[in-house]
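In the numbering used here, the protein residues as written are 2 to 172. A virtual CB, placed ideally from N, CA and C, is assigned to each residue, including glycine. Keep in mind it's a predicted model, so treat the numbers as computed, not measured.
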Amino acid sequence: MLFSYLEIIARSAAVYFFMTIALRIFGKKELSQLNTADIILILLISNSVQNAMVGPDTSLWGGLVAALVLFVINFTIKKLTYKYKLLNDLLLDKPEVLIHDGKLDFKTLSKLDISNNELKEAMREHGLEHFTDVKLCMLEIDGTISVISEDTKHLKQTHYKRKHNHKNFRK
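Pasting the structure below:
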């Protein structure tokens, strides 16, 4: 019985780390811009890895152990990435500058597969029409696109902005 739960713990950890690496490879842009196909993919992935985590144990306890392992690993990874900069750099993306003072960074846009239409949509959401109106446009670590206009008198926020505790501010 104990061996069965240890196997579930090991399998769940393996799936967690596989999914973390897969999301890191496929990029942060994918996380914030989910369409119907992406949601279907997530549902299918969760269904496909469920058996990989619990194996033949389909009991309530087996499922709860797998879920607990995922929560504990996620909590631990968050704490460790906050504490160790090297791990943070390895696991988490950095914000990327897309437009600076009206000039597009085509190399970064190409690397991140951000189309002209996506960029213009983000600008329109912030009330801007032309690239020259943009002081700074960034792809944030959570996958959202932030836009700051040249006209700082009329700043517009169109996305929910998460509040961070002052202790989470890095120097």
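Residue interval of the beta strand (DSSP E) (run including residue i)
i	result
I78	Not the beta strand (DSSP E): I78 falls in the alpha helix (DSSP H), residues L61 to K84.
E173	The structure shown does not extend to residue 173, since the chain is modelled only from 2 through 172, so no value can be given for it.
A110	Here residue 110 turns out to be Leu, not Ala, going by the sequence shown. Element bounds for L110: not the beta strand (DSSP E) but the alpha helix (DSSP H), F107 to K112.
L137	V135 to L140
Residue i Cβ short of 7 Å to the ligand FMN heavy atom set
i	result
C138	The ligand FMN is not among the ligands present in this structure, which contains no ligands whatsoever.
Residue i and residue j closer than 8 Å at C-beta
i	j	result
M124	V98	no
L71	S13	yes
G56	I10	no
Y6	V66	yes
L113	L140	yes
A53	V16	yes
S150	L129	yes
Endpoints, alpha helix (DSSP H) assigned at residue i
i	result
L120	N117 to E126
Expected contact under 8 Å - CB spacing of residue i and residue j to nearest Å
i	j	result
L142	K95	Looking at the sequence itself, residue 142 is Ile, so the reference to Leu does not match. Sure, about 7 Å apart at Cβ, within 8 Å.
Within-8 Å CB hit, residue i to chain B
i	result
H131	Absent from the structure: chain B. Only one protein chain is present.
Query raised in the report: Are at least three pairs of beta-carbons, each pair with one atom in the region 40-50 and one in the region 88-106, less than 8 Å apart?
Result: no
Report task. Tell me, please, whether the region 134-145 touches the region 97-116 by the rule of three or more beta-carbon pairs shorter than 8 Å. Result -> yes
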